[in-house]
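Participant: FYI, the numbering for the sequence shown is 19 to 645, going by the numbering used here. Cβ atoms here follow ideal geometry from the backbone N, Cα and C, with glycine treated the same way. Note that the coordinates shown come from a computational prediction; the quantities given were computed from them, not determined experimentally. One structure is given below, represented as structure tokens, and several questions about it will come after.
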Amino acid sequence: MLLMIDPDLKQRLAAILAADAAGYSRLMAIDERRTVAALDAARAVFRNQIECHQGRVIDMAGDSVLAIFETATGAISAALVAQVQINAIADAAGNDRGMRFRIGVHLGDVIEKPDGTIYGDGVNIAARLEGLAEPGGISVSESIRTAVKGKVAANFDDQGQQPVKNILDPVRSYRVRKENATTTVGDISGPSAPHSSANREIDLSLPDKPSIAVLPFTNLSGESEQEYFTDGVTEDIITELSRFHSLFVISRNSSFTYKGKAVDVRTVAKQLGVRYVLEGSIRRSGNRIRVTGQLIDALTGNHIWAEKYDRVLEDIFGVQEEVTRAIVRAIAPQIESVERSRAVRRRPANLSAYEFAVRAWANAMLAFFGMDTSLRSQSIREAKEALAIDPESTLALNAIAFAQHQNVLFRTTPHLEIAWSEGMLAAQRAIELDPSDSRGYASKGMLLCFPPHPPGTPGQIDRNDEALSDLQRAHELNPNDVFVLQLLGFCEAAIGLLPEAIGRLTQALRNSPRGPWSPNTASLLSTAYFFAKDYVNGSQWALRALNESPNLYSAQTNLAANYVGLGELDKAKTALEAARRIAPEFIESRLNGSFYSGRPEDRKRHHVFLRIAAGLEDPSAADALRR
């Protein structure tokens with residue numbers, strides 16, 4: 019019997035990208051809903067980057083991705099940006115719960131059917147290279163390295179000749195590493211700074227105050243479900259320390275970038291710009307708990323304090339207070355008793371409610387960084403479960419306020435007024451229950467900054483002055499809280515206190531030099547400089563944000579507006595088009611004048627500049643507004 023060759027089969031050279039989630043089955047066993055949500059978020063990143071770089075998705079079966087590109091540079095650029103974004107989401111989720119992908123890329127022959135499916139050794143080699151990559155990493159073939167060398171901002175580490183299944187000859191593979199972030203984003207995303215690089219370095223010299231980072235405590239219980247509890251205890255110690263005005267404390271999100279990693283304390287201290295580092299562990303068994311902690315002076319390497327606590331579980335809040343007091347005595351004995359008494363916080367009344375509230379707050383944070391609507395809804399459900407047990411759980415109330423703020427900000431509910439009102443009621447109740455907790459005032463100020471409808475909408479009152487008062491109170495109560503610093507800086511920029519806003523946001527970057535807060539802070543700095551009509555700094559801070567989070571569409575929007583301010587209209591158009599691909603509805607709302615922040619004249623300038631970037635206004639309209 020003769021085999022008939024389909025005349026429509028095409029054989030051609032193409033770049034093939036193959037990706038697969040590392041440890042997918044383990045993640046599903048831990049938490050199916052969260053894993054499915056993480057997979058959906060990763061697929062969205064892959065699809066967007068593949069399409070942005072002239073590629074085509076062939077298949078996304080299970081936890082894998084197969085795509086084809088017209089050029090090798092397109093394939094590598096998409097892989098690099100996708101890994102940055104997916105790894106940032108994974109970092110926010112924590113080391114044992116974050117979903118990371120292995121990616122393999124090969125340039126070779128494929129056979130393409132009329133329906134778009136592809137076959138051949140090129141596909142097989144890409145899949146084998148994917149297996150050689152580390153979780154969160156990229157491996158490529160010699161053909162890819164040769165094709166893209168000098169065209170993308172990446173280094174290639176030779177992994178040698180690798181025997182691969184069902185391929186006759188060994189394949190030479192290379193591990194891909196990004197060059198410095200400034201170069202990479204300029205090459206991959208298109209826009210680059212007009213006058214200098216986008217490198218905005220943070221001064222990590224030691225502050226005048228005693229400075230400390232609290233590393234995530236290690237969960238020794240052997241149960242993944244205890245991770246929430248362990249992380250909650252760590253975060254509470256950070257919060258307690260942050261309330262002391264005489265200390266400089268690194269934010270939770272920067273500290274947690276080291277979760278699950280074997281780290282050298284001196285390296286951590288250098289990367290975060292602190293003198294002291296606290297590390298420890300928690301073992302929970304039945305109604306007993308063992309907490310260990312040790313405080314290290316990174317300048318000398320000396321252990322200056324260590325302690326072990328064996329207690330009943332319900333006394334965990336007492337242990338938190340003892341650890342905090344011991345640290346303060348060790349590194350800042352000059353702190354006066356009045357400050358110590360002011361920094362005492364209301365204890366949760368019920369341990370079960372506390373655990374639900376910790377989950378709710380953690381999921382609200384993850385939802386914010388991962389733009390995950392399902393996690394946001396889960397956070398609200400868990401917070402309400404906590405309140406059903408303990409109606410006075412301030413952490414649960416603040417989780418509701420934060421999650422509902424996100425629903426309003428990202429327009430993920432058709433009932434904006436209801437979501438806003440529920441968030442506001444929760445924030446006000448949290449303040450009533452514990453006026454010494456900064457999170458209640460921060461939650462209220464955040465909601466006042468972002469009402470259900472933009473300023474200028476009929477019936478919508480501008481309450482920025484009221485928001486400023488609440489955020490200033492939150493900052494007084496917790497001067498190290500990066501979330502508060504961001505919100506206060508944003509509010510100050512919105513009402514025209516621009517030097518204050520820029521100083522506040524710069525301080526937020528210093529308190530959180532690593533982790534998911536950093537790109538958002540840089541984007542807010544870009545907004546503040548735009549309001550100040552300093553478009554050079556505005557564009558450079560937007561690029562800094564995009565270096566760390568390439569799909570941060572608010573930063574792309576800021577970049578477009580600042581480029582119009584500089585008269586760089588082609589670059590402004592490119593930046594706005596990138597933002598529109600990522601978040602078309604967000605951009606349409608901005609082009610229609612839906613912009614929350616700034617004085618009326620700042621909102622008008624931002625609106626006009628974006629419309630110029632979109633080709634909807636004559637460029638001459640910027641002349642009278644630019645300076």
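Identify the residues that DSSP records as bridge partners of Gly122: which are they?
Facilitator: Here residue 122 is taken as the residue at index 104 of the sequence shown, counted from 1. DSSP output for Gly122 lists Ala36 and Ser157 as bridge partner(s).
Participant: How many Å lie between Ala512 and Ser615 at the Cα?
Facilitator: The residue labelled residue 512 in the question sits at position 494 within the sequence shown. The residue labelled residue 615 in the question sits at position 597 within the sequence shown. Roughly 5 Å between the two C-alpha positions.
Participant: Using only the alpha-carbon positions, how far apart do Phe549 and Ala382 sit?
Facilitator: Start at 1 with the first residue of the sequence shown, and residue 549 comes out as number 531. Start at 1 with the first residue of the sequence shown, and residue 382 comes out as number 364. Using only the alpha carbons, I get a separation of about 30 Å.
Participant: Got a sec? Which residues, its chain only, sit under 8 Å from Leu646 by beta carbon, not counting five neighbours each side?
Facilitator: Past the boundaries of the shown model lies residue 646; the chain is included only from 19 to 645, so the question cannot be answered.
Participant: With three or more C-beta pairs closer than 8 Å as the rule, is the segment 425 to 440 touching the segment 406 to 416?
Facilitator: Segments in contact, no.
Participant: Can you tell me which residues form a DSSP beta bridge with Leu31?
Facilitator: For the purposes of this step, residue 31 is taken as the residue at position 13 of the sequence shown. Looking at the DSSP assignment, Leu31 forms a beta bridge with Asp127.
Participant: Does Leu634 pass the burial test, meaning 16 or more other C-beta atoms within 10 Å, or should it be called exposed?
Facilitator: Position 616 of the sequence shown holds residue 634. It is exposed - the Cβ of Leu634 has fewer than 16 other Cβ atoms within 10 Å.
Participant: Apart from the five residues on each side of it in sequence, which residues of its chain come closer than 7 Å, Cβ to Cβ, to Asn237?
Facilitator: Within the sequence shown, the letter at position 219 stands for residue 237. These residues qualify, in order along the chain: Gln244, Glu245, Thr248 and Ile300.
Participant: Just curious, the alpha helix (DSSP H) that Leu505 is in, first and last residue?
Facilitator: If you number the sequence shown from 1, residue 505 lands on position 487. Segment Val500 to Ala512, the alpha helix (DSSP H) holding Leu505.
Participant: Hey, quick one: how far does the alpha helix (DSSP H) through Lys288 stretch, first residue to last?
Facilitator: Here residue 288 refers to the residue found at position 270 when the sequence shown is read from its first residue. Lys288 -> alpha helix (DSSP H) spans Val283 to Leu290.
Participant: Considering Ile86, what are the terminal residues of the beta strand (DSSP E) in which it resides?
Facilitator: Counting from 1 along the sequence shown, the entry for residue 86 is found at position 68. Taken as a continuous stretch (DSSP letters only), the beta strand (DSSP E) holding Ile86 covers Ser82 to Phe87.
Participant: Short check: CB of Gln67 to CB of Ile156, under 8 Å?
Facilitator: Within the sequence shown, the letter at position 49 stands for residue 67. Within the sequence shown, the letter at position 138 stands for residue 156. Not closer than 8 Å, so no.
Participant: Under the assumption that Leu628 contacts Ala578 (Cβ atoms under 8 Å), give the Cβ distance between them as a whole number of angstroms.
Facilitator: What you label residue 628 is simply residue 610 of the sequence shown in a count that begins at 1. What you label residue 578 is simply residue 560 of the sequence shown in a count that begins at 1. Contact flag correct, Cβ pair sits at about 6 Å.
Participant: Can you give me the C-alpha to C-alpha distance between Pro517 and Ile230, rounded to a whole angstrom?
Facilitator: Taking the sequence shown and counting its residues from 1, the one referred to as residue 517 is at position 499. Taking the sequence shown and counting its residues from 1, the one referred to as residue 230 is at position 212. Looking at the two C-alpha atoms, the distance is approximately 27 Å.
Participant: Hey, Val194 and Thr91 are a contact pair by Cβ (cut 8 Å); roughly how many whole angstroms apart?
Facilitator: Residue 194 sits at position 176 when you count from the first residue of the sequence shown. Residue 91 sits at position 73 when you count from the first residue of the sequence shown. Between Thr91 and Val194 the Cβ distance is about 13 Å, and since that is not below 8 Å, they are no contact.
Participant: Between Arg598 and the rest of its own chain, which residues show a CB-CB distance below 7 Å, the 5 nearest in sequence each way excluded?
Facilitator: The sequence position of residue 598 within the sequence shown is 580, counting from 1. Correct list, in chain order: Ile605.
Participant: Just tell me which of Asp254, Phe266, Val292 and Ala350 has its CA closest to the CA of Leu222.
Facilitator: The residue given as residue 222 occupies position 204 in the sequence shown. It is Val292 whose Cα lies nearest to the Cα of Leu222.
Participant: Using DSSP with H/G/I as helix, E/B as strand and the rest coil, what is Arg599?
Facilitator: Residue numbering aside, residue 599 sits at position 581 when the sequence shown is read from its first letter. Three-state DSSP puts Arg599 in a helix.
Participant: Looking only at C-alpha atoms, which of Ala96, Ala56 and Gln72 sits nearest to Asp81?
Facilitator: To locate residue 81, count along the sequence shown from 1; it is residue 63. Out of Ala96, Ala56 and Gln72, Ala56 has the C-alpha closest to the C-alpha of Asp81.
Participant: Per DSSP, what kind of secondary structure is Asn305 in: helix, strand or coil?
Facilitator: Working through the sequence shown from its first residue, we reach residue 305 at position 287. Coil, per DSSP.
Participant: Return yes when the Cβ of Ser95 is within less than 8 Å of the Cβ of His124, no when it is not.
Facilitator: Residue 124 sits at position 106 when you count from the first residue of the sequence shown. Residue 95 sits at position 77 when you count from the first residue of the sequence shown. The answer is no: Cβ separation not under 8 Å.
Participant: Per DSSP, what are the beta-bridge partners of Thr310 in this structure?
Facilitator: The residue you call residue 310 lines up with position 292 of the sequence shown. According to DSSP, which records beta bridges pairwise, Thr310 is partnered with Ser299 and Lys326.
Participant: Take Ala573 as the anchor and find which of Gly585, Asp588, Ile600 and Glu586 has the nearest alpha-carbon.
Facilitator: What you label residue 573 is simply residue 555 of the sequence shown in a count that begins at 1. Comparing Cα positions, the closest option is Ile600.
Participant: What are the start and end residues of the alpha helix (DSSP H) that includes Arg447?
Facilitator: Here residue 447 refers to the residue found at position 429 when the sequence shown is read from its first residue. Its alpha helix (DSSP H) spans residues Leu434 to Leu451.
Participant: Just to confirm before moving on: does the CB-CB distance between Asn569 and Val63 stay below 8 Å?
Facilitator: Locating residue 569 in the sequence shown gives position 551, counting from the first residue. Locating residue 63 in the sequence shown gives position 45, counting from the first residue. In this structure, Val63 lies closer than 8 Å to Asn569 by Cβ.
Participant: Which of the three DSSP states, helix, strand or coil, is assigned to Gly73?
Facilitator: Counting from one through the sequence shown, the residue named residue 73 turns up at place 55. Residue state, collapsed to three classes: strand.
Participant: Per DSSP, Gly178 is paired with what?
Facilitator: Along the sequence shown, one-based indexing puts residue 178 at 160. DSSP output for Gly178 lists Ser191 as bridge partner(s).
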